[in-house]
Structures are given as structure tokens and as C-alpha cells.
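For reference, the structure is listed below as C-alpha cells.
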Amino acid sequence: MSAPTTPTTAASGGKAKNDSSKFAGSFAPSFTVNVSKSTTNGGGAPVAGGGRAHPESALPAPDFTSPADVRNYCNALRALMVGISFEVSMGAEILKGVLATVPDPEGRLGGSKARAWRVSRKLTKAADSAAAAAKNAASCYAQFQQQYEEEINRVKHRARKPQAPRMDWARQ
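Residue numbers (numbering that gives the first Met the number 0): 0 to 171.
Here it is in C-alpha cells:
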């Protein structure tokens with residue numbers, strides 16, 4: 000036979016009432032963003048080091064030798080910052096939810112939620128800043144196109160010579 004239990008321990012599943020494991024079941028999902036990009040040079044061969052400024056960088060090297068380099072850099076920065084913005088925003092919400100379960104030491108009504116909001120507000124601001132960085136990266140490329148429209152169009156027209164109709168003498 001099992002040992003007799005008291006009503007307080009039996010109601011809580013056999014755990015003592017002052018057990019600190021009541022916060023152990025909190026929900027905190029993991030969230031991972033994996034970004035992989037294959038870069039090639041003009042001939043189609045992969046660039047050594049992935050075209051990154053340094054191995055741990057998630058952005059291409061800032062060479063800026065052509066409009067395509069500017070576009071690729073701005074697009075990579077925008078994509079990276081959008082992902083980071085979502086990830087940090089989710090982290091802020093999870094942190095706020097977890098901290099809201101910690102009781103207020105003074106027993107104030109809503110005190111634990113207010114403290115959690117004040118702490119998570121900083122992560123929320125970081126997420127907003129990452130979203131603003133993504134917006135500014137996209138706007139940087141749009142501004143580049145506006146400011147250098149003449150040079151870009153001049154090269155585009157030279158690069159694409161119109162095909163003149165050709166006479167096919169074999170077809171008679």
C-alpha cells in the first residue's frame with residue numbers, strides 16, 4: 000500500500016504546496032531563422048567565402064561595383080532585418096508572457112503584468128528598430144535608382160542594342 004497523503008498534496012498531484020516548480024510548465028517555443036544564399040561571380044563560379052565580408056556575416060560583402068551589387072546588398076539587408084524583426088518581436092511577447100506569471104512582490108493588482116510590460120518594451124523597441132532598418136534598406140535602393148537613373152539607363156541602352164531585321168538570303 001502507498002503512504003497516506005494529506006489533502007493539500009493530493010490535490011496538487013502529490014507535490015507540496017510551496018513547490019517552486021509551478022512556473023516550470025511555461026510555454027517558450029524556439030524560433031530559428033536560417034538564411035542561405037549561394038553567390039556566384041560573373042562567370043557562374045561560386046565566390047570564395049560565399050561573398051561575405053567575414054565568415055559569420057549574414058550579408059554579402061559591400062563591394063558596390065555595379066547596380067546589381069547595390070540591389071543585392073539592400074535586398075539581403077532587408078530580408079535579414081525582416082526576419083530579425085519577427086524573431087525579436089516574438090521573443091518580446093514570450094518574455095512578456097513568462098514574466099507576467101511572476102507574482103508582484105508587493106501584491107499589487109496587475110503589478111506583475113505592468114513589470115513584464117516595462118521589461119519587454121525594450122525588446123519590442125528593438126523589433127521596431129529592425130523593421131525600420133528593413134524599410135530603410137529597401138528605400139536605400141529606391142533612392143539609388145532615382146539618383147542614378149540617368150547613368151543606369153545610359154548603360155542599359157548601350158548593353159541592349161536593338162536587333163535590326165536580318166535578310167535571310169537562303170530563303171527564296
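Beta carbons: idealized from backbone N, C-alpha and C, even for Gly. Bear in mind the structure is a predicted one, so any value in this text is a computation, not a measurement.
Quiz item: With a CB to CB cut of under 6 angstroms and the five nearest residues on each side skipped, what residues in its chain are close to residue 123?
Solution: 91
Quiz item: In its own chain, which residues sit with a C-beta less than 6 angstroms from the C-beta of residue 130, not counting the 5 before and 5 after it?
Solution: By the criterion of a C-beta distance shorter than 6 angstroms, residue 130 is surrounded in its chain by 84, once the five residues flanking it on both sides are discounted.
Quiz item: What's the C-alpha gap between residue 76 and residue 141?
Solution: 14 angstroms
Quiz item: Exposed or buried, what is residue 126 when buried is set at 16 or more other beta-carbons lying within 10 Å of its beta-carbon?
Solution: Within a 10 Å sphere around the beta-carbon of residue 126 sit 16 or more other beta-carbons, which makes this residue buried.
Self-check item: Rounded distance between the beta-carbons of residue 80 and residue 132, thought under 8 angstroms
Solution: Correct: roughly 4 angstroms between the Cβ atoms.
Exercise. In angstroms with no decimal places, state the Cα-to-Cα distance between residue 110 and residue 116.
Key: Rounded to the nearest angstrom, the two C-alpha atoms are 10 angstroms apart.
Quiz item: Which residues in the same chain have their Cβ closer than 6 angstroms to the Cβ of residue 145, if we skip the five residues on either side of it in sequence?
Solution: none
Practice problem: Below 8 angstroms on the Cβ atoms is my guess for residue 94 versus residue 56; work out the distance and round it to an integer in Å. | Solution: At roughly 27 angstroms, the Cβ-Cβ gap does not stay under 8 angstroms, so residue 94 and residue 56 are not in contact.
Quiz item: Looking only at its own chain, which residues have a Cβ that is under 6 angstroms from the Cβ of residue 137, when we skip the five neighbours before and after it?
Solution: Residues 77 of the same chain have their beta carbon placed closer than 6 angstroms to that of residue 137, with the five preceding and five following residues left out of the count.
Practice problem: Would you kindly report the start and end of the unbroken alpha helix (DSSP H) that includes residue 70? | Solution: 66–99
Quiz item: Should residue 68 and residue 59 be called a contact, given that it needs their Cβ atoms to be closer than 9 angstroms?
Solution: yes
Exercise. Take the Cβ of residue 43 as the centre, count every other Cβ of all protein chains shown within 10 Å, and call the residue buried at 16 or more, exposed below.
Key: Only weak support exists for where residue 43 lies, its pLDDT of 43 falling under 50; the coordinates are left without a value.
Self-check item: Distance between residue 106 and residue 96 (C-alpha atoms, nearest Å)
Solution: Distance between residue 96 and residue 106, taken at the CA atoms: about 18 angstroms.
Quiz item: Which residues mark the beginning and the end of the alpha helix (DSSP H) in which residue 140 is found?
Solution: 110–146
Self-check item: residue 100 versus residue 135 - alpha carbon distance
Solution: 37 angstroms
Quiz item: Out of 149, 121 and 162, which has the shortest C-alpha to C-alpha gap to residue 88?
Solution: 121
Exercise. Please work out which residues of its chain come closer than 7 angstroms, Cβ to Cβ, to residue 71, disregarding the five sequence neighbours upstream and downstream, and give them in chain order.
Key: 59
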